[in-house]
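Listed in order, the protein sequences are those of chains G and Z.
For reference, each letter of the first sequence is one residue, going 1 to 113 in our numbering.
For reference, each letter of the second sequence is one residue, going 1 to 112 in our numbering.
Even glycine gets a Cβ: it sits at the ideal position worked out from N, Cα and C.
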Amino acid sequence: GNSVTQMEGPVTLSEEAFLTINCTYTATGYPSLFWYVQYPGEGLQLLLKATKADDKGSNKGFEATYRKETTSFHLEKGSVQVSDSAVYFCALSDLAAGNKLTFGGGTRVLVKP
Amino acid sequence: SAVISQKPSRDICQRGTSLTIQCQVDSQVTMMFWYRQQPGQSLTLIATANQGSEATYESGFVIDKFPISRPNLTFSTLTVSNMSPEDSSIYLCSVSTVDEQYFGPGTRLTVT
Numbered sequence: 001g002n003s004v005t006q007m008e009g010p011v012t013l014s015e016e017a018f019l020t021i022n023c024t025y026t027a028t029g030y031p032s033l034f035w036y037v038q039y040p041g042e043g044l045q046l047l048l049k050a051t052k053a054d055d056k057g058s059n060k061g062f063e064a065t066y067r068k069e070t071t072s073f074h075l076e077k078g079s080v081q082v083s084d085s086a087v088y089f090c091a092l093s094d095l096a097a098g099n100k101l102t103f104g105g106g107t108r109v110l111v112k113p
Numbered sequence: 001s002a003v004i005s006q007k008p009s010r011d012i013c014q015r016g017t018s019l020t021i022q023c024q025v026d027s028q029v030t031m032m033f034w035y036r037q038q039p040g041q042s043l044t045l046i047a048t049a050n051q052g053s054e055a056t057y058e059s060g061f062v063i064d065k066f067p068i069s070r071p072n073l074t075f076s077t078l079t080v081s082n083m084s085p086e087d088s089s090i091y092l093c094s095v096s097t098v099d100e101q102y103f104g105p106g107t108r109l110t111v112t
């Protein structure tokens, strides 16, 4: 079956630091890959996505590249802000599995001023 | 895009009782999903609810415990039956469109 593994948190950073959250996946088909973000007290929001190999998703200064050869979709941001403090979830959806989302365990990121 | 609302936003319930959560979407969608997010955990899919057919439950979830209705293309309900403290979670409704999957704000359930 499909699965997503992401680095455990919490990750604590200073403002303007570089952020990387590792995500690897296992899928039987050709999945689409997503990063969702959950800000404190808010609902789940799509941050970025990539639908095929070598695609790069980007939004709000965050980037992630779909690497089929390493089955990875690592999230990066060059200079984090306090407002980036949130829980980040890597996820995949597989058309063969009815487009159901499979989530990683989530990584809590805390950015300190 | 799709805008999803859920009712109630939160509730505190006694063990042994049942709670029905409503999910309303502002557009017609074929595929709706119900997820559970236990405290400090990731999201786990409970079931897929497509209009006109019985809900499909994931391993570990059964219809007697989590009955689902899907009367039309914009609405669904999830009932958490015979609740125990272990059911304390955030329950999220989600819909799938061509471009992405959207999530409701969630219903925070506490069972005492």
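With a cutoff of 7 Å on beta-carbon distance, M32(Z) and S76(Z) are scored as near each other.
The distance from the Cβ of I90(Z) to that of T107(Z) is about 7 Å, consistent with a contact at the 8 Å cut-off. Three or more beta-carbon pairs separated by less than 8 Å are not found between the region 101–113 of chain G and the region 15–27 of chain Z, which leaves the two stretches without contact. When Cβ-Cβ separations below 7 Å define contact, Q101(Z) makes contact with chain G. Using a Cβ-Cβ cut-off of 8 Å, F61(Z) is close to nothing in chain G; its nearest Cβ partner there is about 13 Å away. In the same chain as E86(Z), and ignoring 5 residues on each side of it, no C-beta atom comes closer than 7 Å to its own. Listed along chain G, no residue sits closer than 9 Å to G52(Z) by beta-carbon distance, the nearest being about 15 Å off. C93(Z) places its beta carbon 7 Å or farther from that of Q37(Z). Looking at the DSSP output, R10(Z) shares a beta bridge with R108(Z). Residues T24 and Y25 of the same chain have their beta carbon placed closer than 6 Å to that of T71(G), with the five preceding and five following residues left out of the count.
Spanning the alpha carbons of F103(Z) and S84(Z) requires a straight line of approximately 25 Å. With the rule of 3 Cβ pairs closer than 8 Å, the region 89–99 of chain G counts as touching the region 26–38 of chain G. Going by beta carbons, Q38(G) and A91(G) fall outside the 7 Å limit. With contacts defined as CB atoms closer than 7 Å, K77(G) and G57(G) fail to qualify as a contacting pair. In the DSSP assignment, T26(G) falls within the unbroken beta strand (DSSP E) covering C23 to T26.
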